[in-house]
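S.K.:
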Amino acid sequence: MGMSDPAPRPMTVDEFLVWNDGTDTRYELDGGQPVAMAPPAATHGALAMAIGIQIGTRLRPPCRVVSEAGIRLSDHEDTYFQADIAVTCQPLKPGMVPVPDPTIIVEILSPSTAQFDRGRKLAIYREIPSVQEILLLDSTKRYAELWHREDEQSWVVRDIRGCDVIGGGTLRFPSVGIEIPMASLYEGVL
1 MGMSDPAPRP MTVDEFLVWN DGTDTRYELD GGQPVAMAPP AATHGALAMA
51 IGIQIGTRLR PPCRVVSEAG IRLSDHEDTY FQADIAVTCQ PLKPGMVPVP
101 DPTIIVEILS PSTAQFDRGR KLAIYREIPS VQEILLLDST KRYAELWHRE
151 DEQSWVVRDI RGCDVIGGGT LRFPSVGIEI PMASLYEGVL
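Going left to right, the sequence shown walks through residues 1 to 190 as UniProt numbering numbers them.
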């Protein structure tokens, strides 16, 4: 963009959801601006698959796991994130893009995304009234931050470190009544 070119106009979420830049690049919308997402590393994908399977096999209907989950806030018309995994207990309809009323949101942290995921994304996810737990799962070491909603205004975080293949930490998701041994996520990955 040259100095005399006008600044691009911010997009709304509705405009973003139909926008196509003509490439295979994946984007999120932050403050009305499309932000390209880097291709995930293999460990990122393996952890996302592992947590999706572990949660999915323990859930009872009507709850379900959604991968590459679109997250939209009703009062943020310029922000749309794509979480690695989300859980919803609301019906899904054909053609639906954002996950309705997510209960759990999971982000796999990588060196290039950890600061943004722990900062801006976490702050916005905590604003969603339906969200009860947010899991930040590290892709470079056996570590997780599991955020639990205490009440409308308060959150508590539990750091889970280490987790040998035998024993280790347990991820508890009281909103859907499930527990997952953290070792089951990292076995064969790290």
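Every residue gets a Cβ at the ideal spot worked out from N, C-alpha and C, and that includes glycine.
1. Between the Cα of Asp-30 and the Cα atoms of His-76, Ile-108, Ala-69, which residue gives the shortest distance?
2. Can you give me the C-alpha to C-alpha distance between Ser-74 and Lys-141, rounded to a whole angstrom?
3. Which class does Ala-183 belong to by DSSP, given the choice of helix, strand or coil?
4. Can you name the residues that DSSP bridges to Gly-70?
5. Quick check: the Cα distance between Phe-81 and Gly-119, rounded to an integer number of angstroms?
6. I'd like to know whether the C-beta atoms of Ile-51 and Leu-185 end up nearer to each other than 7 Å.
7. Tell me the residue span of the alpha helix (DSSP H) that contains Met-49.
8. Just tell me which of Gln-132, Thr-12, Arg-9, Asn-20 has its CA closest to the CA of Ser-154.
9. Have a look at Pro-98, Thr-79, Ala-41 and flag the residue whose alpha-carbon is nearest the alpha-carbon of Ser-67.
10. Please classify Arg-158 as buried or exposed, where buried requires at least 16 other C-beta atoms within 10 Å of its C-beta.
11. Sort Ile-71, Asp-14, Leu-190 by Cα distance to Ile-134 and report the nearest one.
12. Run through DSSP, which three-state label would Val-106 get?
13. Do the segment 109-126 and the segment 38-51 touch if we need at least three Cβ pairs shorter than 8 Å?
14. Roughly how many angstroms separate the alpha carbons of Leu-190 and Ile-124, rounded to a whole number?
15. If we count the other Cβ atoms within 10 Å of its Cβ and call it buried at 16 or more, is Pro-62 buried or exposed?
16. Is Ala-38 closer than 7 Å to Thr-25 when the C-beta atoms are compared?
M.R.: Checking against the coordinates, here is how it stands:
1. His-76
2. Near 35 Å, if we compare the C-alpha coordinates of Lys-141 and Ser-74.
3. helix
4. Gln-82, Pro-98
5. 13 Å
6. In contact: Ile-51 and Leu-185 (Cβ atoms closer than 7 Å).
7. 42-58
8. Closest option to Ser-154, Cα to Cα, is Gln-132.
9. Pro-98
10. exposed
11. Ile-71
12. strand
13. With a cut-off of 8 Å on Cβ pairs, the segment 109-126 is in contact with the segment 38-51, counting three or more such pairs.
14. 30 Å
15. exposed
16. no
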